[in-house]
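Encoded as structure tokens, the structure appears first; notes follow it.
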Amino acid sequence: LINTQGKNALASEGLLGIGFEQTDKSSNYLSLPGTEREIQHLEASVGGKYLIGSSGTKSEFLKLARNYDVLHLAIHGRADSTNNYESTLIFNGSEESNILSTNDLYLASLQARLAVLSACESGVGLINKGEGTFSIARGFSLVGVPSVVMSLWKVNDRVTSDMMVEMYQGFIERGESINSALRNSKLTYLEASDSYNAHPYYWAAFLQLGQDINFEESNDFSRITLIYIALLIVGVLGLVIFFNRKKKKG
């Protein structure tokens, strides 16, 4: 489903989308109303699996994520500027069991080509000289996800939802690369904003890290082509073996 320089995606499914809607009253994290709109738009646009509320847990993410080409996480994020691997994402449920760190990602066997971290501070972490920032977004890159969309500060839920919907419209429906789709979503937001809402705080938080990739609705053609090529090779080898044996008998 994701094409990077003509290569086929390894994952077998489309998009895994998880939205935060808190059902645990003991949690310190509130629901994010805008995430429901993000998930609904994605569900109407591209095949995949979508979880929100009590079903969108860390354990479900770790169980399912390896099967998907695109990961969209509209959840809470928490940066840690003192430890390389302690910046986290907060899934639904009790805080103790639903905090995802980089260490968890090493066990997830991700094959995704794109992770969209629609969460606060997903690109923030400890800055090491010569190595860069160790954010949770960096964690996705470290485990092999070639393209990540991340945020640099605490973002506005409503504005983020609007921009994410616009970004996916460009990425999926208009065939723009993920970087161009993100850029154009910012321009669309600015065109509709007044002088107050045009402040960079509202629109500039999200950046794309890594490869600039394109979305393909289906890669079935590529798979079928590979099957035919394999069958052709087997057929040619069979003919070579047949004629060699016939030649030896003669």
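Residue 360, in our numbering, is where the sequence shown stops; the numbers in between run on with no holes. Here a beta-carbon is modelled for each residue, glycine too, at the ideal position from N, C-alpha and C. A quick note: this is a predicted structure, and the numbers were derived from the prediction, not measured.
- If you draw a straight line from the Cα of residue 189 to the Cα of residue 215, it is about 16 Å long.
- Taking C-alpha positions only, residue 191 is separated from residue 243 by approximately 9 Å.
- In the structure shown, the three-state DSSP call for residue 321 is coil.
- Residue environment for residue 168: buried (at least 16 other C-beta atoms within 10 angstroms of its C-beta).
- DSSP, reduced to helix, strand and coil, places residue 248 within a helical segment of the structure shown.
- Taking residue 178 as reference, the option from 344, 184, 160 and 286 with the minimal CA-CA separation is 160.
- Residue pairing of residue 316 in beta bridges, as defined by DSSP: 261.
- Per DSSP, residue 176 lies in no beta strand (DSSP E) segment and is marked neither H nor E.
- By the Cβ-count criterion, residue 286 is buried, with 16 or more other Cβ atoms from all chains shown falling within 10 Å of its own Cβ.
- Closest in alpha carbon position to residue 143, among 154, 163 and 152, is 163.
- Annotation: residue 207 to residue 349 spans about 59 Å, alpha carbon to alpha carbon.
- Membership of residue 291 in the alpha helix (DSSP H) is indicated by the continuous run 288-301.
- Annotation: residue 226 to residue 344 spans about 41 Å, alpha carbon to alpha carbon.
- Going by DSSP, residue 186 is part of the beta strand (DSSP E) stretching over 186-188.
- DSSP, reduced to helix, strand and coil, places residue 220 outside both helices and strands of the structure shown, so it counts as coil.
- Restricting attention to 279, 199 and 235, the CA atom closest to the CA of residue 151 is found in 279.
- About 6 Å separates the beta carbon of residue 220 from that of residue 175, a gap short enough to meet the 8 Å contact definition.
- Comparing alpha-carbon positions, the option among 145, 298 and 249 lying closest to residue 202 turns out to be 145.
- For residue 193, the closest alpha carbon among the candidates 211, 230 and 283 is that of 211.
- Cβ neighbours of residue 320 within its own chain (closer than 8 Å, five residues either side excluded): 251, 255, 256, 257 and 258.
- Residue 233 places its beta carbon less than 9 Å from that of residue 261.
- The C-beta distance from residue 153 to residue 129 rounds to 10 Å, too long to fall under 8 Å, and the pair is not in contact.
- In this structure, DSSP gives residue 123 an extended state, which the three-state scheme calls strand.
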